[in-house]
Amino acid sequence: MCGIVGYAGKERCVEVLMEGLGQLEYRGYDSAGLALHREGRIEQIREVGRLDNLARVLAGRNGELSQVRTGLGHTRWATHGRPSEENAHPHLGGAGGVAVVHNGIIENFSELKEELEARGVVFRSETDTEVMAHMIAERVEAGETLRRALAGVLQRLEGSFAVAAVSVDEPGKVVAARHQSPLVVGLGQGENFLASAVQALLGETHQFLVVENGEIVEIAASSVGVFTTSGEPVEREAFEVDWDAEAVELGGYEDYMLKEIHEQPAALGATLLDRLDSGGVVDLSEVEIDLSEIDRVVIVACGTAYHAGLLGKHAIEKLARIPVEVVIASEYRYADPFGDDHTLVVAISQSGETTDTLAAVQAARSFGARVLAVTNTRGSLITREADAVLITKAGLEICVASTKTFVAQVAVLDLLALALASIRRAIPERELREFGRGLRLAPEKVEETLGILGNRVEQVVGIFEDARCSLFLGRGISYPMALEGALKLKEISYLPSEGYPAGEMKHGPIALVDEHCPVIAVLGEGLIREKTLSNVEETLARGASVIAIAREGDKGAERMAHVVLPVPEAPEILAPFICSVPLQLLAYHVAKNRGLDVDKPRNLAKSVTVE
Ligand code: M6R
């Protein structure tokens, strides 16, 4: 997705912009550019392809650019118009006195473009962004300040966007605004920053301000102002982000995905800390919703977060005996949802910026539901839309494929299940505490799983060399794990993969099964294990190679499967955490074996903020 960085302050503008864009690289982009306020004009420098291409051009001009104090940077993911230098941001408006960078989509851009063309404006790109550059420039040329011009233009825009602009007439200033697309202000000493995500600025500051929909922000070296569109100043408190800049280093790992898989024990430890005591008693007093009034739960989320939601349903229904629906966020708002203020809508989003999940939250609010956001990102849009927030403390996740944030989401939902169960006295307190104590073991059991697996997963990837597709099977709590395993594998290795309830296999998917369709069975325990093993038999009879994820020492699994990826003995509540590890490592090693970039799968970005 596109990235924005803005800077006003010292003579290190180019360095800050490039560093910031570098921290957003993992989100995906196909061109990059800067607009620099220099020697009484705005200079636009843009290159197609990787940021390195832009860096090479800048390196050749180091001397000239080292005086620049104000500018904008952008990485573009093409939406309107192909990836090309002309379509790369920043875009200049009018005679070149205004430069604009933009994330999102201006839905009414054709109509605005026609109006501008009718007034003689000549367009230099195929983008929707360029209309904004010209509209702002027209107003600035007519004598308005940049801030006022931007405020005026905002009234005409439809869609979701974050936009930042500089004007030749106002050296030392950057103005910006947003509507349904993220934008934060970073606070410095004698310098200030703007970015579409806090990650871009962690090397510079940990103090941030949020910008709300429709507000205008103006930064200069020693001031930051937030204003309404009519120009009234707005008071805004800073918030602190405790992620450190080291989170964006590989720390000896080959890829972020592998690093983040190994960070899962720490992610779980931080997420559970202070929320679950050694006796297994949960404390979710941070949730500012009266949970005793809740009689129905709806979980909305996308992708991996949706799978965490399915696991949350198991936990809440089992422990708290409250009915739970789990709905894919992009479906929710079109499903004519209903409920009342006894309905708790839990919206799960690692980024807190996913458009569909935000839309689902708005739909829930429209009928008066209480909304609880589960997110990894403090200050994200979802935290501002919800009645209460539970932060997953997984730390910054850079790899597009979610791993540590998934287990942290499941842990938070387990905590919620325990809290609801305790309030409702749904099961005896003694049993609840036992679940709680079991959950506390999550970090160490995941650590143990990593140890038991060692390099076993790497050794089984040969099974996938001639694979045409793969089938992940599970029952009960293992079914969401099968879905998640299949998503991880297809996402980063591009091997078509299905996740299915094992018992449903015979109703269609079995047609896929042959020697070119490895089957990965997440066995689980008890009756579920027995039944899943029977399904595995059926796939063996059709020539499939079978990988079983089973408890260490499970003789039945060892006899039947070609390969067993063992997980340690653990309380039932920990099954999703320990089974995640072999599934994630399998996806990782299959992709590596295919020579793919696991951190940045094709066609995907870390956060899906534009529909
Ligand atoms: O930021 P979100 O949790 O809202 O993102 C939702 C999905 O896009 C995300 O979980 C996606 O499916 C994963 N990156 C897949 O690994």
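Using our numbering, you'd call the opening residue of the sequence shown number 294 and step up by one each time.
Idealized CB from N, CA, C, for every residue including glycine.
Bounding residues of the alpha helix (DSSP H) (the contiguous stretch that carries residue i)
i	result
H427	422-434
I745	735-746
G849	848-853
I609	596-613
Y625	622-625
S403	402-411
A712	697-717
Q482	Neither: Q482 is in no alpha helix (DSSP H) and is coded neither H nor E.
Q752	749-753
Q655	648-659
A563	557-565
I675	674-678
For residue i, the nearest candidate out of the options (CA to CA)
i	options	result
G483	L858, I512, G596	I512
I641	T676, G632, H635	T676
I821	F699, L665, L766	L766
G507	V468, K606, L746	V468
E463	C872, A430, P875	A430
V519	S418, R671, V478	V478
P929	V574, F486, A411	Because the chain is modelled from 294 through 904, residue 929 falls outside the range shown and cannot be assessed.
I842	L858, G632, I335	L858
G659	Q643, A666, T647, G632	The sequence given here has Ser at residue 659, not Gly. Of Q643, A666, T647, G632, the residue nearest in Cα terms is G632.
V874	A850, V617, A775	A775
L561	E308, I785, V700, E408	V700
H635	S585, V620, T650	S585
D847	L826, T832, G524, P864	L826
V829	L351, E818, M798, K893	M798
Q286	A863, L833, V815, E823	The question about residue 286 has no answer here: the residues shown for the chain are numbered 294 through 904.
G277	L347, G445, R768	Examination of residue 277 is not possible in this model, given that the chain is present from 294 through 904 alone.
For residue i, the three-state DSSP class (helix, strand or coil)
i	result
N828	helix
E904	Unreliable placement is indicated for E904, whose pLDDT of 48 sits below 50; the coordinate value is still reported in the next sentence. Coil at E904, not helix or strand.
P773	helix
Y546	coil
Y787	coil
N355	helix
N886	helix
Q473	strand
F416	coil
V860	strand
L878	helix
V307	helix
S838	coil
A493	helix
I512	strand
K893	coil
N632	It is worth fixing the name first, because residue 632 is Gly in this sequence and not Asn. Coil at G632, not helix or strand.
E804	Correcting the residue identity first, residue 804 is Ala in this sequence and not Glu. The answer is helix: DSSP assigns A804 an H, G or I state.
V534	coil
R723	helix
A795	helix
Run of the beta strand (DSSP E) containing residue i, from where it starts to where it stops
i	result
N485	485-488
L683	681-684
S925	Summary: the structure shown does not reach residue 925, with the chain confined to residues 294 through 904, and so no result is reported for it.
G386	384-386
T438	Where T438 is concerned, there is no enclosing beta strand (DSSP E), given that its DSSP letter is neither H nor E.
L766	763-767
N396	391-399
E340	334-341
G817	No beta strand (DSSP E) contains G817, which DSSP labels as neither H nor E.
H367	363-369
Q500	500-503
Interface flag, residue i vs chain C, CB-CB below 9 angstroms
i	result
T438	The displayed structure is made up of one protein chain only, and chain C is not part of it.
Contact test: residue i Cβ vs ligand 2 heavy atom, cutoff 8 angstroms
i	result
C595	Summarising the ligand content, the structure contains ligand 1 and does not contain ligand 2.
Stretch pair the segment 471-482 + the segment 441-453: three plus CB contacts closer than 8 angstroms: Judged by pairs of C-beta atoms under 8 angstroms, the segment 471-482 touches the segment 441-453, as three or more such pairs exist.
Between the segment 571-587 and the segment 756-765, can you find at least three pairs of beta-carbon atoms closer than 8 angstroms? Between the segment 756-765 and the segment 571-587, the count of C-beta pairs closer than 8 angstroms stays below three; the two stretches do not touch.
Three-pair Cβ contact test at 8 angstroms for the segment 716-734 versus the segment 623-640: Three or more beta-carbon pairs separated by less than 8 angstroms are not found between the segment 716-734 and the segment 623-640, which leaves the two stretches without contact.
With contact counted as at least three CB pairs below 8 angstroms, one residue from each stretch, are the segment 793-813 and the segment 826-843 in contact? The segment 793-813 and the segment 826-843 touch, with no fewer than 3 CB-CB distances between them shorter than 8 angstroms.
I want to know whether the segment 726-741 touches the segment 523-531 - three or more CB-CB distances under 8 angstroms. Segments in contact, no.
Contact between the segment 872-892 and the segment 677-684: three or more CB pairs below 8 angstroms? No, because fewer than three Cβ pairs between the segment 872-892 and the segment 677-684 fall closer than 8 angstroms, the two stretches do not touch.
Stretch pair the segment 685-704 + the segment 779-798: three plus CB contacts closer than 8 angstroms: Inter-segment contact for the segment 685-704 and the segment 779-798 is present: three or more beta-carbon pairs are separated by less than 8 angstroms.
Is there contact here, the segment 403-414 with the segment 424-442, by at least three beta-carbon pairs under 8 angstroms? They touch, by the three-pair rule.
For the segment 548-563 and the segment 597-604, state whether three or more C-beta atom pairs, one from each stretch, are separated by less than 8 angstroms. No, the segment 548-563 does not touch the segment 597-604.
Between the segment 325-343 and the segment 362-377, can you find at least three pairs of beta-carbon atoms closer than 8 angstroms? Contact between the segment 362-377 and the segment 325-343 is established, with three or more Cβ pairs separated by less than 8 angstroms.
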